[in-house]
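Residue numbers (full-length UniProt numbering): 1 to 215.
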C-alpha cells in the first residue's frame, strides 16, 4: 500500500496549520507548512528590494531558497502572509516551490502537507485530502484575537477586509487557484474549537483508511 500522504488545504486562519501539525504528530509523519516557503520568498525578496510583482526576479529567489534557513517564528506575522500571497501568484515562484514540495511529499514514510493547492497540484494522489475552511468573519476574529494576545493594536474590520481581499486574490489567480480538490473532505471549523476540529480531522483520516482496507 502507498505511504500515507495527507493533503490539507484551506484559506488563511481556517486552522489548517494547527490541524496539520497535530495530524502529523498523531500519525507519526513528517510535516511541511508549505506557506512558510512562500512567506520566506516574499520576505527575502522584500528585504533585497526586489519588486514583488516581478515574476522572474522573485522566481530566482525561490530557486535559491534553502529550507534549512527558514525561521518559522519570523514568518508568522500578517505582513509576511501578505508578501507570500503576492509572490505565490507568479509561475516561476510556484514552479520552484512546487518541485520542493513534491520532493517532500515523496518521502517513503508518508507526509502531511498543508497549503492552498496540496490536494489539487502537489499531491493529487494523496490518500487523504481535507479542505479546512471557516467563515471570513470567524477567521478575522481569530486573527484579531491572535494579534491582540501578542500585544498588537489591531482593528477587526481592517483584518476582515484583508481576509476577504486575500481570499479573492488566492481564489482568482490563474496559476493553481485556491479551491478544494474534487475528492477532498470539507471540514468547516467555524463552530469548532481546536480539540473538536482535531477529532473531526482524525475521523476523516481514519474513515478514509478504513474505506481503503475494505475496498
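Cβ atoms here follow ideal geometry from the backbone N, Cα and C, with glycine treated the same way.
Predicted model, so just to flag it, every value in this text is computed and none were measured.
Would you call the region 138–156 in contact with the region 97–117, where contact means no fewer than 3 C-beta pairs closer than 8 Å? no
Please report the straight-line C-alpha distance between residue 77 and residue 22, rounded to a whole angstrom. 21 Å
Coarse secondary structure for residue 21, derived from DSSP in three states: helix
So, is residue 171 buried or exposed, given that buried needs 16 or more other C-beta atoms within 10 angstroms? exposed
Of all the beta strand (DSSP E) runs that stay within the bounds of the region 24–88, which reach a length of 3 or more residues? 31–33
How far does the alpha helix (DSSP H) with residue 160 in it extend, from its first residue to its last? 156–172
Using the rule of at least 16 other Cβ atoms within 10 Å of the residue's Cβ for burial, across every protein chain shown, is residue 117 buried or exposed? buried
Quick one: what's got a C-beta closer than 6 Å to residue 133's C-beta in the same chain, skipping five residues either side? 10, 14, 188
Just the Cα atoms here: how many angstroms apart are residue 27 and residue 98? 24 Å
For residue 179, which residues from the same chain have a beta carbon less than 8 Å from its beta carbon, with the 5 sequence-adjacent residues on both sides left out? 120, 171
Beta-carbon separation of residue 16 and residue 8 under 8 Å? yes
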